[in-house]
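Scroll down for the structure; my scribbles are underneath it.
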């Protein structure tokens, strides 16, 4: 059996290198029968952290990294960065997928430029897993890769995300993010997408308002990259503001007992919304499986993102996406 | 001194008529020196609720009301509805402003169609007060009146909202909602608005990401009606989901003591986010002061919305807006 090959970009994120290397080792040992992890980064720094395991991990060496404050423009001068190298190796079919914790904007742009779009696809989409109150997840896309879209783009986003969501639920409910549920709501591209989705064989529920965004009314929620990003960051912002407020209050001495007694409740809500368990976002629409994790990822988040990448490759999702697209458009 | 005249649409909201009538009476008695409230609705139902005060309130009688499930189309057949009548009276300068709790979409459309736009303004904007964690408010606009805008529209929204925000703070900070803070972020109309605002004399802070939306980073946050609506409903949705979750947990018998001890904390957060204290949204850009309160408004919300309307008229804000627009565009 051919092993699953994963390119792991070890550079350009905020935490120490230990996190990604320890995750690579642990994840490798969980799947050593059928997995190879190719580390991309500074060999001199990586090898000591691998100890005796260094023979198990091919290393693509570079000392150049894309930083979180790089821009698409400044990154052009770093063609030998770990991110660029990983993308070129993926393009050359040296691996089945890649994971990076590097700069999102630079990654999405260079992934698009290097890997290229799938047939029938005109725009890439960036798709995280949004944790919902019931402990599940919703795939929200696009959250920033393509801010200028038409109805067909949204329709294509739905097809691709549906293929991914099928990995966890048999008949994913698909919705389009809109400011109301009636057919005439939104911009022309919402109405176009609505018509295309209604006549598709997806389990399409129609327009979805963001009021229920954490209730998992749908498994796939499709949006243009601008409003998808606004919705995502608003969720994160509101969650953060409320949780900071509660933390501040509960750490006051007078609230000590309230805090102690409330602990199980906050553990429960934290668990439901634990993004560390779904710490990977896909760049969809490209001819490869590409996963991005947080710029501040730690060991646990790398483990989670590796799992997402590994399982997606194992389920042959890229070919499933191609098949599903061909079902709509013909080969 | 000429009295301030307010048209109060008493129909088409979900609560009993008692709420709006009691608010009208109480608010009137707080300001009887300089206030007249004209009630628009069913005289036979209103009069008994006014008791001995019925002589104090002129009533514009109608039995036709716009319902929450009416559409712009279905509302066309209700030209004698309380909402239509109030708008026509306002158009004819029979009053200085109006308040309704009726159907938002129908109200915004008919306000625009009946009252007409201010000079220099091409699109109306719907603008609520968003409560922030510090107990303050941010004006977010547009949240759904105009989903197709250009840079000048956003600029005009900023000028008008700034005039309103000046009522509560001397030098309002103004921002444009965007998916990033760098100048190149967003769609062309964001960049146009950014340039116009930079060279204006508004206290412009630049693009604002929704991550800080409840932190009151700005006093005025400008957006197209689509993403403004998405941001608003996402906030409401996340807040509702989290608060429902906490309510459910704290009412479990095992959490009784945690609930009792946590009460002051939840009172505090509830007070900070109490939208009932800022229960009015403006329709801006029209030649009149128009305020909308919630379709499920109660006595307290009508009182709050009446206060917003009254104070805005008293501060001569419509003329201030006209002046501020003329400062930019010349007369």
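Protein chains in written order, with our numbering: chain A, 10 to 340; chain B, 10 to 340. Every residue gets a Cβ at the ideal spot worked out from N, C-alpha and C, and that includes glycine.
Exercise. Tell me the DSSP bridge mates of residue 145(B)?
Worked result: Beta-bridge pairing links residue 145(B) to no other residue.
Problem set entry | residue 330(B) beta carbon less than 8 Å from that of residue 289(B) | no
Exercise. So, is the C-beta of residue 244(A) closer than 8 Å to a C-beta in chain B?
Worked result: Yes, residue 244(A) counts as interfacial toward chain B.
Exercise. Using a C-beta cutoff of 8 Å, does residue 196(A) count as contacting chain B?
Worked result: yes
Problem set entry | Of the listed residues 263(A), 137(A), 166(A), 161(A), nearest to residue 244(A) (C-alpha basis) | 137(A)
Problem set entry | C-alpha gap between residue 50(B) and residue 149(B), whole angstroms | The alpha-carbon atoms of residue 50(B) and residue 149(B) are separated by roughly 31 Å.
For this session: Give me the Cα-Cα distance between residue 283(A) and residue 210(B), rounded to the nearest whole angstrom.
Result: 44 Å
Exercise. Can residue 330(A) be considered in contact with the ligand MN, in the sense that its beta carbon sits closer than 7 Å to one or more heavy atoms?
Worked result: You won't find the ligand MN in this model; it holds no ligand whatsoever.
Problem set entry | 8 Å contact criterion, which residue 144(A) and residue 205(A) should meet: CB distance rounded | Contact flag wrong, Cβ pair sits at about 32 Å.
Exercise. Can you name the residues that DSSP bridges to residue 299(A)?
Worked result: 107(A), 292(A)
Exercise. Cβ of residue 188(B) less than 8 Å from any chain A Cβ?
Worked result: yes
Problem set entry | Rounded straight-line distance, which links the Cα of residue 147(A) to that of residue 213(A) | 14 Å
Exercise. Taking buried to mean at least 16 other C-beta atoms within 10 Å of its own C-beta, is residue 102(A) buried or exposed?
Worked result: exposed
Exercise. Which residues in chain A sit within 9 Å of residue 153(B), going by Cβ to Cβ distance?
Worked result: 188, 189
Problem set entry | Within chain A, the residues that residue 267(B) reaches when beta carbons sit closer than 8 Å | Neighbours of residue 267(B) on chain A, chain order: 267, 270, 271, 274.
Exercise. Where does residue 339(B) land, buried or exposed, given buried means 16+ other C-beta within 10 angstroms?
Worked result: exposed
Exercise. What in chain E is Cβ-close to residue 57(B), meaning under 8 Å?
Worked result: This model lacks chain E altogether, as its protein chains are A and B.
For this session: Using three-state DSSP, classify residue 162(A) as helix, strand or coil.
Result: helix
Exercise. Of all the CB atoms in chain A, is at least one closer than 8 Å to the CB of residue 248(B)?
Worked result: yes
For this session: Identify, in the order they occur along the chain, each residue of the same chain with its Cβ nearer than 7 Å to the Cβ of residue 272(B), setting aside the five sequence neighbours on each side.
Result: none
Exercise. Do the CB positions of residue 165(A) and residue 129(A) come within less than 8 Å of each other?
Worked result: yes
Exercise. Do the CB positions of residue 252(A) and residue 287(A) come within less than 8 Å of each other?
Worked result: no
For this session: Go ahead and label residue 262(B) buried or exposed: buried means 16 or more other beta carbons lie within 10 angstroms of its beta carbon, across all protein chains shown.
Result: exposed
Exercise. Between residue 236(A) and chain B, is there a C-beta pair that is closer than 8 Å?
Worked result: yes
Exercise. Would you call the segment 296 to 309 of chain A and the segment 94 to 112 of chain A touching, i.e. three or more CB-CB distances under 8 Å?
Worked result: yes
Exercise. By the 10 Å Cβ neighbour count, where 16 or more other Cβ atoms means buried, how is residue 64(B) classified, buried or exposed?
Worked result: exposed
For this session: Could you spell out the range, first to last residue, of the alpha helix (DSSP H) harbouring residue 35(B)?
Result: 26 to 39
Exercise. Are residue 117(A) and residue 133(A) close, meaning C-beta to C-beta below 8 Å?
Worked result: For the pair residue 117(A) and residue 133(A), the CB atoms are nearer than the 8 Å cut-off.
Exercise. Is residue 22(B) helix, strand or coil by DSSP?
Worked result: coil
Exercise. Under the rule that 16 or more other beta-carbon atoms within 10 Å means buried, what is residue 291(A), buried or exposed?
Worked result: buried
Problem set entry | Extent of the continuous alpha helix (DSSP H) run through residue 70(A) | Careful: residue 70(A) lies outside any alpha helix (DSSP H), inside the beta strand (DSSP E) at 68 to 70.
For this session: Please state whether DSSP places residue 277(A) in a helix, a strand or coil.
Result: helix
For this session: Would you mind telling me which residues of chain A sit closer than 9 Å to residue 256(B), beta carbon to beta carbon, in chain order?
Result: Going along chain A, no residue has its Cβ under 9 Å from residue 256(B), so there is no contact; the nearest lies around 11 Å.
Problem set entry | Partner residues on chain B for residue 277(A), Cβ-Cβ distance less than 8 Å | Simply 258.
For this session: Can you pull the chain B residues whose beta carbon is under 8 Å from the beta carbon of residue 219(A), in chain order?
Result: 239, 242, 243, 246
For this session: Could you have a look at residue 235(A) and say whether DSSP puts it in helix, strand or coil?
Result: helix
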